[in-house]
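**Student:** Handing you this structure, nothing more for now.
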Amino acid sequence: MNKIILLSASLISVMAAYGQSDTSKQANKGSFEYTFYVDAYYSYDLNEPHDHNRPDFLFQYNRNNQIGINMAVAKVSYTRGGLTANLGLNTGDFPAANMAHERELLRMLYEANINYRFLKKFEFTMGMFGSHMGFESALSYDNLLTSHSLTSEWTPYYLAGAKLGYNASDKWYFGVTVANGNQTITENEGNTNKLLGLQATWSPSEKVTVNYSNMYYNDQPDSAANFIFYNNLYSTMALSKKLDLVVGFDFALSDNRVTNKQDNIYAGSLLARYKLSDQFAVAGRYEYYSDEAGVFIQTDVVNPFVTSCYSLNFDYSPIKNVKFRLEGRMFSAEKPFYRDDSDYDPNTSTTIKYTNSNSNILFTVQAKF
1228 MNKIILLSAS
1238 LISVMAAYGQ
1248 SDTSKQANKG
1258 SFEYTFYVDA
1268 YYSYDLNEPH
1278 DHNRPDFLFQ
1288 YNRNNQIGIN
1298 MAVAKVSYTR
1308 GGLTANLGLN
1318 TGDFPAANMA
1328 HERELLRMLY
1338 EANINYRFLK
1348 KFEFTMGMFG
1358 SHMGFESALS
1368 YDNLLTSHSL
1378 TSEWTPYYLA
1388 GAKLGYNASD
1398 KWYFGVTVAN
1408 GNQTITENEG
1418 NTNKLLGLQA
1428 TWSPSEKVTV
1438 NYSNMYYNDQ
1448 PDSAANFIFY
1458 NNLYSTMALS
1468 KKLDLVVGFD
1478 FALSDNRVTN
1488 KQDNIYAGSL
1498 LARYKLSDQF
1508 AVAGRYEYYS
1518 DEAGVFIQTD
1528 VVNPFVTSCY
1538 SLNFDYSPIK
1548 NVKFRLEGRM
1558 FSAEKPFYRD
1568 DSDYDPNTST
1578 TIKYTNSNSN
1588 ILFTVQAKF
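Just add 1227 to wherever you are in the sequence shown, counting from 1, and you've got this note's numbering.
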């Protein structure tokens, strides 16, 4: 990890030095833009996991009772005419968990792509780029709440492939994506399939956006193919200068070609944020997630992953680009499958307790420049 951090810092430093070495040449050749982001956090899980890991269906803020870095990002973009090259590097608890399946050197990548805009309304992107799925950014700073929705955690934050975008008008955008797989830079062994995705965005006004995105993929070897057709529909609304609202619905179909078994996953989200002032904001979220067959999320017991989730968030921004955030979150299920180690002693306990709920308190300090 130290080697990765040193390599990341060195690469960004070299690019920054190059970009600033000659202002006049930079003006003639193009322009550089830099983004730096740090998200430090402390999370306390009331179920008190003895190994300091929060439930394994969470990738963001996944460590318990310790101060850590969820994500640190350094990104540089170079634009000349219609061409933009982007390179972003990251480290932290989130990329370590979210990219654990990737090769070690690739885990430091946040973004690496080339974007070309042509014929005024088209753009082509190739490399590793942000996913077209969902209404939340990988960077918590940009979202209404601190933690991420379950639908965001279980749809890709990034894809590796190519996408074509078409800005049909001020109100309509269409996109087509071909990728190696669901959040996969290196193809899985024995898999010859590609992920296919479509996106349509309608913005009737600056205050309202309606988006539909989908993806069709198989991440298993061809001999054990399990094709998934995932659909994501959401709307973002600025109801006033102070009130923002997001409504989302996800539905996925799973087709296992080995067992000839079809299953479905569905989820709903409702988010609202109210800005009390330029410095203070309060936000809330309700979620429902059902994966009865364990297509994405498997539990340690026979009870399936079907849960509701309630979140309440407070933001304080003392200066521009900096946020102090406090969030409480509770998962609640009809049947117990959440592990509870509050009374667990690894030296003496012989049984593991499971309960219907999991709650945690999250505090973060975020800066984005």
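By construction, the Cβ of each residue, glycine as well, lies at the ideal position given by its N, Cα and C atoms.
Smallest Cα separation from Thr1262: which of Arg1290, Gly1295, Asp1278, Asn1317?
**Tutor:** With distances taken between Cα atoms, Thr1262 lies closest to Asn1317.
**Student:** Compute the Euclidean distance between the alpha carbons of Ser1569 and Tyr1493, then round it to the nearest angstrom.
**Tutor:** Between Ser1569 and Tyr1493, the C-alpha separation is close to 31 Å.
**Student:** Comparing C-alpha positions only, which one of Leu1498, Ile1524, Lys1390, Leu1470 sits nearest to Phe1476?
**Tutor:** If we check each option's Cα against that of Phe1476, Leu1498 comes out closest.
**Student:** Compute the beta-carbon to beta-carbon distance between Thr1599 and Lys1390, rounded to the nearest angstrom, for a pair I have assumed lies under 8 Å.
**Tutor:** Nothing about residue 1599 can be reported from this structure: the residues present for the chain run from 1228 to 1596 only.
**Student:** Find out if the Cβ-Cβ distance for the pair Ala1465, Val1435 is shorter than 9 Å.
**Tutor:** Yes, Cβ-Cβ distance for Ala1465 and Val1435 is below 9 Å.
**Student:** With distances taken Cα to Cα, identify the nearest neighbour of Leu1589 among Phe1564, Ser1538, Leu1460.
**Tutor:** Leu1589 has its Cα closest to that of Ser1538, out of Phe1564, Ser1538, Leu1460.
**Student:** Taking three-plus beta-carbon pairs below 8 Å as touching, is the segment 1403-1422 in contact with the segment 1329-1345?
**Tutor:** Cβ pair count under 8 Å is three or more, so yes.
**Student:** So if DSSP puts Ser1559 in a beta bridge, which residue, or which two residues, is it bridged to?
**Tutor:** Ser1559 is bridged to Ser1535, Ser1584.
**Student:** Whose C-alpha, out of Ser1504, Tyr1571, Phe1507, Tyr1581, is nearest the C-alpha of Thr1526?
**Tutor:** If we check each option's Cα against that of Thr1526, Tyr1581 comes out closest.
**Student:** Are the segment 1368-1382 and the segment 1341-1349 in contact at 8 Å, needing three or more beta carbon pairs?
**Tutor:** These segments do not touch.
**Student:** Do Ala1510 and Phe1541 come within 9 Å of each other at the CB atom, strictly closer than that value?
**Tutor:** Yes, the pair counts as a contact, with Cβ atoms nearer than the cut-off.
**Student:** Do Ser1535 and Glu1600 come within 9 Å of each other at the CB atom, strictly closer than that value?
**Tutor:** Shown here, the chain extends from 1228 to 1596; a query on residue 1600 therefore has no answer.
**Student:** Nearest-angstrom Cα distance between Ile1579 and Phe1259?
**Tutor:** Distance between the alpha carbons of Ile1579 and Phe1259: 54 Å.
**Student:** Using the C-alpha atoms, what's the distance from Tyr1385 back to Tyr1439?
**Tutor:** Their Cα atoms are separated by approximately 17 Å.
**Student:** Can you give the Cα-Cα distance for Gln1506 and Val1592, rounded to whole angstroms?
**Tutor:** For Gln1506 and Val1592, the distance between alpha carbons rounds to 14 Å.
**Student:** What is the rounded straight-line gap between the Cα of Asn1491 and the Cα of Phe1478?
**Tutor:** Their Cα atoms are separated by approximately 7 Å.
**Student:** Counting only runs that start and end within the segment 1289-1374, where is the beta strand (DSSP E) found for 3 or more residues in a row?
**Tutor:** Fully enclosed beta strand (DSSP E) runs of 3 or longer: 1294-1307, 1310-1318, 1336-1345, 1349-1357.
**Student:** Helix or strand or just coil, what does DSSP make of Leu1466?
**Tutor:** Coil, per DSSP.
**Student:** Indicate whether Glu1275 and Asn1289 have their beta-carbon atoms separated by less than 9 Å.
**Tutor:** No.
**Student:** Grouping DSSP H, G and I as helix and E and B as strand, with all else coil, what is Leu1377?
**Tutor:** In the structure shown, Leu1377 sits in a helix (DSSP, three-state: H, G or I).
**Student:** At which residues does the beta strand (DSSP E) containing Ser1517 begin and terminate?
**Tutor:** From DSSP, the beta strand (DSSP E) with Ser1517 extends over 1507-1518.
**Student:** What whole-angstrom Cβ distance do Lys1502 and Asn1548 have, given they're in contact under 8 Å?
**Tutor:** Between Asn1548 and Lys1502 the Cβ distance is about 16 Å, and since that is not below 8 Å, they are no contact.
**Student:** In three-state DSSP terms, what is Asp1449?
**Tutor:** Helix, per DSSP.
**Student:** Is it the case that the Cβ atoms of Ile1341 and Ala1312 are separated by a distance below 9 Å?
**Tutor:** In contact: Ile1341 and Ala1312 (Cβ atoms closer than 9 Å).
**Student:** For the candidate residues Phe1321, Val1405, Ile1546, Glu1519, whose alpha-carbon lies nearest to that of Gly1392?
**Tutor:** When each option's Cα is compared against that of Gly1392, the closest is Val1405.
**Student:** What would DSSP say about Lys1434, mapped onto helix, strand or coil?
**Tutor:** It is coil, neither helix nor strand.
**Student:** For the beta strand (DSSP E) that contains Phe1259, what are its first and last residues?
**Tutor:** That run of the beta strand (DSSP E) goes 1258-1272.
**Student:** Pop quiz: Met1360 and Met1442 are said to be a contact at Cβ under 8 Å. What is the actual Cβ separation, rounded to whole angstroms?
**Tutor:** Right, their Cβ atoms sit about 7 Å apart.
**Student:** Would you identify the three-state DSSP class for Gly1402, choosing helix, strand or coil?
**Tutor:** Three-state DSSP puts Gly1402 in a strand.
**Student:** Which same chain residues end up closer than 6 Å to Leu1310 when comparing Cβ atoms and leaving out the 5 residues on each side of it in sequence?
**Tutor:** Counting only Cβ-Cβ distances below 6 Å, and skipping sequence neighbours, we find Tyr1343.
**Student:** Less than 9 Å separating the beta-carbons of His1603 and Tyr1461?
**Tutor:** As shown, the chain starts at 1228 and ends at 1596. That puts residue 1603 outside it, with no answer to give.
**Student:** Suppose you measure from the CA of Trp1399 to the CA of Asn1530; what does that come to, to the nearest Å?
**Tutor:** Each residue's Cα considered, the two are about 43 Å apart.
**Student:** Just reading off the beta strand (DSSP E) that Gly1392 is part of, what are its end residues?
**Tutor:** Segment 1385-1394, the beta strand (DSSP E) holding Gly1392.
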